[in-house]
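Protein sequence lines correspond, in order, to chains A, B and C.
Using the numbering used here, read the first sequence as starting at 3 and increasing by one per residue.
Using the numbering used here, read the second sequence as starting at 145 and increasing by one per residue.
Using the numbering used here, read the third sequence as starting at 244 and increasing by one per residue.
All C-beta atoms in this analysis are idealised placements derived from N, C-alpha and C, irrespective of residue type, glycine included.
These notes concern the structure reproduced below.
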Amino acid sequence: MSAAHNTAVSFETGLLDKHRPWRTARLSLPLRTDEDVVYLRKHVREHAVAIGLSLVDQTKLVTAASELARNTIKYGRGGDVHLDDLLDGLKKGIGLIFVDNGPGIPDLDLALRDGYTTGGGLGLGLSGSKRLCDEFEIDTRPGEGTAVCVVKWKR
Amino acid sequence: MSTQDYAARISRIIQDHQSEIGAEWVAQLEALTVRSTVVSKEQLRNHCQQFLAAFANAVRAGELQNIDHRSWDEVRDLLAEISSTRARSGSTPSETATFVFSLKQPLFAHLRSGFAGDAEGLADTSWTINTLLDKLGLFTIENFQRTRDQIIVRQQQELLELSTPVVKLWNGILALPLIGTLDSARTQVVMENILQKIVDTGAAIAIIDITGVPTVDTLVAQHLMKTIAAARLMGADCIISGIRPQIAQTIVHLGVNLEDVTTKASLADAFVVALERTGTSIVKHGAKA
Amino acid sequence: MDRIPILRMGDLLLVTIQVDMHDRLAMTLQDDLTERIVSDGAKGVLIDISALDLVDSFIGRMISNTAAMARVLDAQTVVVGMQPAVAITLVELGLTLHGVKTALNVEKGMALLGKNYF
């Protein structure tokens, strides 16, 4: 487990409060090491089960979380993730917001293309996560950092 | 008079005249009800008496504005039971709400005599009881709707289960006939079912027969392709059979790539292919070598 | 858990992944498997993922790489037991696991590798 993380990521982004009106709870976790990713997966799975997502939807969300968490650590040089429980009327959902103070993404269109990778990976992290979730939004400023927000609603 | 005193007084009036109020109420209901077969007379009388007793008790507790209060639990439970029963036996929501509303007339008649000489008290009481019964009537309707919704959901699930039959044609060969129109939501569920059945039966080949599907649109075609890709990842293979000329046209028109998927017009042809792939063949008796 | 155990059955290596692997553990497994193929002279590798409820692009790549390296070392790899939810997610993710043979369970996987022990 990574050391106590008291310095919150300082990347200013509107995505952090995008779903505030529907947020019933927020769990904030650090993303610095491999184990942090495993820990996040566990929490996302628990919350997904709690709101009654189907097995396939659970798997999709946890997989997207894993991909984005890895991106945050590998490219963003570490950051935070915020796991939000959402309630829109009677509709339940889970929101995940990944933030880092990394170098940012210079060419977003390119980055969102399947297969594009700068790190020797499969290049499916961003584009794949977009496909796996119901909502996907990204806010990035080269030299400052990146924030990615994904949401999955219970059908 | 304080609210508590009012409440106690109303409650006493109801209890003192319970059988008369009950009889008048039942008479009202019987006059209004068109179909008396839905709820038997005996059952109706029981419901009325039970309700009046519970109602009088609840009123005495003094919480006349809030029917969600603890003191109204017994009344709400009773109404919930009554409306569920009626929902299941085919009553309409209004018939069920009428059960509560038709209590007003007999009740007011007795309240009027009970509050004789106290015009202001009678006016206040009438208004309070009127609002109370309105709330309870609405509660009955909401409950009715909820029961009906539950029935619908259950029926939908049963329908869904009926629509993904599995036929084990031979060792390791499954046939999965898809029946009916496939909307996006249903297609996803059906596809997940197919994959689960492949795992459960350990089938090497699944023949997805779409003879019973009238139209195939882009979304359905995509889901079909994804299901086949997923089955392959899992270690099984799929053959699509029952492709009618119109569907063949649609598929080509949509530009769906079927190059590496085996497709056959009939289930029989698909079965032969599946047998070959699993190393089995059919031999006629007495055939000369 | 430090390392994922690798069992040997004749000239076959059998791995059952039962934990949620972090990236380092996955890399270690890849290295261990490659080493054991050489040291044990294995001709086949069976990776059982029936207990995995998650396969992301990193693990997917680990599996592909392992299969590719095994092939170079003249050994075949079969991945067995992929859960339907995982398969559906991988398809949506766009992961193809090209060049990796798969089977529904260990028995079928062994048959694929030409071993009919059952």
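Review point. Of the residues LEU92(A), ASN103(A), ASP111(A), ASP109(A), which one's Cα is nearest the Cα of ARG157(A)?
Key: Comparing Cα positions, the closest option is LEU92(A).
Exercise for review: Check the C-beta distance from LYS20(A) over to ILE53(A) and give it rounded, since I have them as a contact under 8 Å.
Suggested key: About 19 Å separates the two Cβ atoms, so there is no contact after all.
Check your understanding: Per the contact definition of three or more C-beta pairs closer than 8 Å, is the segment 359-379 of chain B in contact with the segment 316-326 of chain C?
Key -> Touching, per the Cβ criterion.
Check your understanding: Helix or strand or just coil, what does DSSP make of LYS76(A)?
Key -> Looking at LYS76(A) - three-state DSSP - the assignment turns out to be helix.
Review point. So which residues of chain C does LYS408(B) contact, with C-beta pairs closer than 7 Å?
Key: Here the premise fails: no neighbours, minimum Cβ distance about 23 Å.
**Study point:** Proximal residues of chain C, C-beta to C-beta of ASP36(A) below 7 Å
**Key:** HIS265, ASP266, ARG267, listed in chain order.
Practice item. Using a Cβ cut-off of 8 Å, pull out every chain A residue sitting near THR332(C), in sequence order please. Key: Near THR332(C) (Cβ distances below 8 Å), the residues of chain A are VAL58, THR61, LYS62, THR65, LEU134.
Point to revise | beta strand (DSSP E) segment containing CYS135(A), residue limits | key: Segment: none, CYS135(A) is in no beta strand (DSSP E) and carries neither H nor E.
Review point. Any idea what DSSP makes of LYS156(A), helix, strand or coil?
Key: In the structure shown, LYS156(A) sits in coil (DSSP, three-state: anything other than H, G, I, E or B).
Review point. Terminal residues of the continuous beta strand (DSSP E) containing LYS408(B)?
Key: 406-408 is the extent of the beta strand (DSSP E) around LYS408(B).
Review point. Using a Cβ-Cβ cut-off of 8 Å (strictly less than) and excluding sequence neighbours within five positions of LEU339(B), which residues of its own chain qualify?
Key: Within the same chain, LEU339(B) has close Cβ partners THR371, ALA374, ALA375, MET378.
Practice item. Out of GLU302(B), PRO237(B), ALA392(B), MET335(B), point me to the one whose CA is closest to GLN289(B)'s CA. Key: Taking GLN289(B) as reference, the option from GLU302(B), PRO237(B), ALA392(B), MET335(B) with the minimal CA-CA separation is PRO237(B).
Check your understanding: Of the residues that make up the segment 356-382 of chain B, which ones have a beta carbon closer than 7 Å to any beta carbon in chain C?
Key -> So the close ones are LYS370, ALA373, ALA374, LEU377, MET378, GLY379, ALA380.
Practice item. Output the distance between the C-alpha atoms of MET3(A) and LEU268(C), rounded to the nearest integer angstrom. Key: Because MET3(A) carries a pLDDT of 38, less than 50, the predicted location of this residue cannot be relied on, and the following value inherits that uncertainty. A straight-line Cα-Cα distance of about 15 Å links MET3(A) and LEU268(C).
Exercise for review: Go through its chain and collect everything with a Cβ distance to GLY106(A)'s Cβ below 7 Å, but skip five positions before and after it.
Suggested key: If we look at GLY106(A) and ignore the five residues flanking it on each side, its Cβ neighbours are THR142, ARG143, PRO144, GLY145, GLU146, GLY147, THR148.
Review point. Should TRP169(B) be labelled buried (16 or more other beta-carbon atoms within 10 Å of its own) or exposed?
Key: Counting the other Cβ atoms within 10 Å of the Cβ of TRP169(B) gives 16 or more, which makes it buried.
Point to revise | Endpoints, the alpha helix (DSSP H) within which ASP413(B) is located | key: From DSSP, the alpha helix (DSSP H) with ASP413(B) extends over 411-421.
Review point. So, are the CB atoms of THR345(B) and LEU318(B) less than 8 Å apart?
Key: With contacts defined as CB atoms closer than 8 Å, THR345(B) and LEU318(B) qualify as a contacting pair.
Check your understanding: What is the rounded straight-line gap between the Cα of VAL46(A) and the Cα of LYS154(A)?
Key -> VAL46(A) and LYS154(A): Cα-Cα distance of roughly 11 Å.
Point to revise | Rounded straight-line distance, which links the Cα of THR74(A) to that of GLY121(A) | key: Approximately 12 Å, taken between the alpha carbons.
Check your understanding: If the cut is a Cβ gap below 7 Å, which residues of chain A does VAL329(C) touch?
Key -> VAL329(C) reaches chain A at THR61, counting residues in chain order whose Cβ is nearer than 7 Å.
Point to revise | Counted within 10 angstroms of its Cβ, other Cβ atoms place ALA67(A) as buried (16 or more) or exposed | key: The residue is buried, with at least 16 neighbouring Cβ atoms inside 10 Å.
Point to revise | Proximity of ILE249(C) and VAL258(C) at Cβ, strictly below 8 Å | key: Between ILE249(C) and VAL258(C), the C-beta spacing is below 8 Å.
Point to revise | Stretch-stretch touch, CB-based, cutoff 8 Å, three pairs: the segment 153-173 of chain B with the segment 189-196 of chain B | key: By the criterion of at least three beta-carbon pairs nearer than 8 Å, the segment 153-173 of chain B is in contact with the segment 189-196 of chain B.
Exercise for review: Name, please, each residue of chain C whose Cβ falls closer than 8 Å to the Cβ of LEU318(B).
Suggested key: Under the 8 Å cutoff, chain C gives no residues; its nearest Cβ is about 12 Å from LEU318(B).
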